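Below is one structure, written out as C-alpha cells; the observations come after it.
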Amino acid sequence: VKSGNLDKRVAIIGSGASGLACASDLAQLGYQVDVYEKQAYAGGIVSYGVPEYRLPHRHVHQEVNKIQDLGVKFHYEQALGQNLELEELKDRYDAVYVAIGEENMVTLDIEGEDLAHVYTSFDYLKKVFENRIDDLINFKNVAVVGGGNTAMDCARAARRFGAEVTVVYRRLYEDMPASASEIEEASKEGIKFEFLASPLSINNEAIQLIKREVIDQNNGRNVTKEIEGSEYFLEADAVILALGSQPDINLRQRLGIETDSRGRVLINEDYQTSVSSIYSGGDMVIGADTVVRAIDAGKKAAANIHKSLQGC
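Offset between the sequence shown (1-based) and our numbering: plus 2.
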C-alpha cells in the first residue's frame, strides 16, 4: 500500500545498485522519484562493469523495467558537475540521494599510460558491454595489471576475443584479492599469471616490468619490493589497468557537502550529508564495496528519507 505523500519529490543521482534500491522503495511508498544517470542506460557498474557470463544483463534490464513500472522516471546522460548541478536539484526536490559510486580509476602514473591501446578496466568492460569491440578483437597479446575480480573479468573477456592474456600482479597468488573460483576459471581458460612483477612503462609492443621480492608480511599479506636491475619486457599490444577505483576529489569538493580526507562523503546515522536534505550512501561513502552493501545503503537511505519527509 502506498503510504507516502504523492506531492513530495525525491531526486536520485546514479542508477547503480544503491540508487535503484532507493528509487524502488521510495516509489512503493508513493513518492514521485526521478533518477538521473550519467550513462545512456541504467544499472551503473552492475550493467557495464560485470560481464554477461557472470551476471546476465537481462536481469538488470528486468529490474529497471520493474522500477519504471512503479512510476519512476529515468533521465539519461545527466552528469553531476557537467550538465547536472546538485544545488539546482536541492531547490527542486524535497530530498536528494546521491549514489554515484567511485568515479575515477586508479592509474599507475607511468610512461605510455596514455597510449591508445591502454585501457582502464572501466573503459574496457564498458566497450564490451556496449558491443563496441572492433578495436578489441584484433589484439594478440593482452596484459592485465591487477589481482582482483575485475582483473579476472577483463582477462577472461580478452581471452574470449582470442588473445593470449597475462595477468600481472605485484604479489603472490595467495595475496590476490580475486576469489579463488575466479582465478581457477581464468587459469582453465588458458590465462597466464606473472607474479611478483610491476609495470615501469608501456610502449606500442610491450609493457616493461620489474621483478619484485617478498621482504615482509603485514596482516597476512606479503610485502614486496622491486629487485634492482631486474627489468624485462612482456609482449603486449594491449594493456588493461584493473587497479580499482577512487573518488573524483575535484567533483566532490564542488558538490558543497562535507567529505573526509580521502574524498568520501560524510553522513550521519540517518544517511544525511552535511546538507540536511541531501543523502548519500554506497561506494561514495564507504569506498568500493559489494553490490549487497550498496543495495542495503539505498534501502536504509529510502527509509530515512521517508521518515524525514513524514516528519517522524
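For each residue, glycine too, the CB sits at the ideal point set by N, CA and C.
Computed from a predicted structure; not experimentally measured.
Simplified DSSP state of residue i, which is helix, strand or coil
| i | result |
| --- | --- |
| Val-294 | helix |
| Met-107 | strand |
| Val-146 | strand |
| Arg-172 | coil |
| Val-287 | helix |
| Ser-278 | coil |
| Gly-300 | helix |
| Glu-230 | strand |
| Arg-264 | coil |
| Gln-248 | strand |
| Leu-127 | helix |
| Leu-82 | strand |
| His-308 | helix |
| Asn-341 | Since the first residue of the chain shown is 3 and the last is 314, residue 341 is not available in this structure. |
| Arg-94 | helix |
| Glu-133 | Just to set this straight, residue 133 is Asn in the shown sequence, not Glu. Residue state, collapsed to three classes: coil. |
Inter-residue Cα distance where the pair is residue i and residue j
| i | j | result |
| --- | --- | --- |
| Val-98 | Glu-90 | 11 Å |
| Asp-9 | His-308 | 13 Å |
| Lys-4 | Leu-72 | Summary for Lys-4: the model assigns pLDDT 49, below 50, so the residue's position carries little reliability; its value from the coordinates is reported in the next sentence. Cα-Cα distance, rounded: 11 Å. |
| Ala-259 | Thr-275 | The sequence given here places Ile at residue 259; Ala does not occur at that position. About 6 Å. |
| Ala-145 | Ile-209 | 8 Å |
| Ala-240 | Val-120 | 6 Å |
| Gly-16 | Asp-36 | 10 Å |
| Ser-263 | Ile-251 | 9 Å |
| Gln-30 | Asp-177 | 44 Å |
| Ala-81 | Gly-45 | 15 Å |
| Leu-138 | Tyr-33 | 44 Å |
| Ala-23 | Ser-279 | 19 Å |
| Ala-13 | Val-74 | 10 Å |
| Leu-86 | Asn-224 | 44 Å |
| Ser-310 | Glu-54 | 39 Å |
| Asp-317 | Val-100 | What is shown of the chain runs 3 to 314, which leaves residue 317 out entirely. |
| Glu-228 | Val-170 | 14 Å |
| Glu-166 | Arg-173 | 22 Å |
| Tyr-175 | Val-48 | 26 Å |
| Ile-288 | Ala-25 | 20 Å |
| Phe-197 | Phe-76 | 44 Å |
| Leu-57 | Asn-151 | 13 Å |
| Gly-21 | Glu-233 | 45 Å |
| Ala-296 | Gln-64 | 19 Å |
| Asn-220 | Pro-179 | 15 Å |
DSSP bridge partner residues for residue i (one or two, in chain order)
| i | result |
| --- | --- |
| Asn-220 | Arg-223 |
| His-77 | Tyr-38 |
| Lys-194 | Thr-168 |
| Ile-209 | Ile-204 and Leu-236 |
| Leu-243 | Thr-122 and Val-147 |
| Ala-332 | Any answer about residue 332 is impossible in this case: the structure gives the chain only from 3 up to 314. |
| Tyr-273 | Bridge partners of Tyr-273: none, in fact. |
| Tyr-99 | Ile-14 and Tyr-281 |
| Glu-113 | Ser-203 |
In chain order, each beta strand (DSSP E) run of at least 3 residues that lies wholly inside the region 14 to 61: As far as the region 14 to 61 is concerned, its whole beta strand (DSSP E) runs of at least 3 residues are 34 to 38.
Taking contact to mean 3 or more Cβ pairs, one atom from each stretch, closer than 8 Å, check whether the region 143 to 159 and the region 253 to 273 are in contact. Flag = no, the region 143 to 159 and the region 253 to 273 do not touch.
Report yes or no: do the region 105 to 114 and the region 127 to 144 share at least 3 C-beta pairs separated by less than 8 Å? Verdict: no, contact absent.
Tell me, please, whether the region 237 to 254 touches the region 210 to 221 by the rule of three or more beta-carbon pairs shorter than 8 Å. A contact is defined here as three or more CB-CB pairs under 8 Å, and the region 237 to 254 fails this definition with respect to the region 210 to 221.
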